[in-house]
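Student: Going by the working numbering, the letters in the sequence shown line up with residues 964 to 1099, in that order. C-beta atoms are modelled at their ideal positions from N, C-alpha and C, and glycine is treated no differently. Take this structure first; my questions come after.
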Amino acid sequence: MLDSIPWIGVICATFATMLVGAGWYGGWAQSWMKAAGITEEQVNAGASPVLYIIAVIAHFVMAVVLSGVITHISPQGGIADGMFNGLLVWTGFSAVPLVVTHRFQMRPWSLTLLDAGHYLVVLLVQGAVLGWFMAA
């Protein structure tokens, strides 16, 4: 299986994910902080390069796993197939756990929608990038 992974595509998908996160949470910063119940001071005090290292590693793993899913469901690759697989993975393994976890944590729906929306875009972008590399 590891030989079927487009490693350059995984790296590109990981980089794209970080750009999506910066744009998403940069654009929705005030709404996200309000929904999460945190202040800008808390965000700034907790800002650490370690958080971004963890995010890069986690999103790299996500891209590797999504690559495996695409390989098994749509072995021919392609942008549309990659995005479809990203949507499938998001629905079952991102949106559902966020909805359940946030309900038990009594978090507002606005936080669920912001976080789930972020990962929808992330998995669609990763799927598009990986699908493109796999079709090439």
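Is Ala992 closer than 8 angstroms to Ser1073 when the C-beta atoms are compared?
Tutor: What you label residue 1073 is simply residue 110 of the sequence shown in a count that begins at 1. What you label residue 992 is simply residue 29 of the sequence shown in a count that begins at 1. The answer is no: Cβ separation not under 8 angstroms.
Student: Quick one: Cα of Glu1003 to Cα of Ser1011, how far?
Tutor: Residue mapping note: residue 1003 aligns to position 40 of the sequence shown, counting from 1. Residue mapping note: residue 1011 aligns to position 48 of the sequence shown, counting from 1. Near 14 angstroms, if we compare the C-alpha coordinates of Ser1011 and Glu1003.
Student: Give me the residue from Phe1047, Leu1086, Ile1036 and Met1069 with the minimum Cα distance to Ser1057.
Tutor: In the sequence shown, counting from the first residue as 1, residue 1057 sits at position 94. With respect to the C-alpha of Ser1057, the residue from Phe1047, Leu1086, Ile1036 and Met1069 having the closest C-alpha is Leu1086.
Student: Mapping DSSP to helix, strand and coil, what is Thr1002?
Tutor: Reading the sequence shown from its first residue, position 39 is the one you call residue 1002. Correct three-state label for Thr1002: coil.
Student: How far does the alpha helix (DSSP H) with Thr980 in it reach, from first residue to last?
Tutor: Taking the first residue of the sequence shown as position 1, residue 980 is located at position 17. Thr980 -> alpha helix (DSSP H) spans Trp970 to Gly990.
Student: Contact defined as beta carbons within less than 8 angstroms: I believe Thr977 pairs with Phe1023. What is the distance between those atoms, to the nearest angstrom?
Tutor: Taking the first residue of the sequence shown as position 1, residue 977 is located at position 14. Taking the first residue of the sequence shown as position 1, residue 1023 is located at position 60. Confirmed, Cβ separation roughly 5 angstroms.
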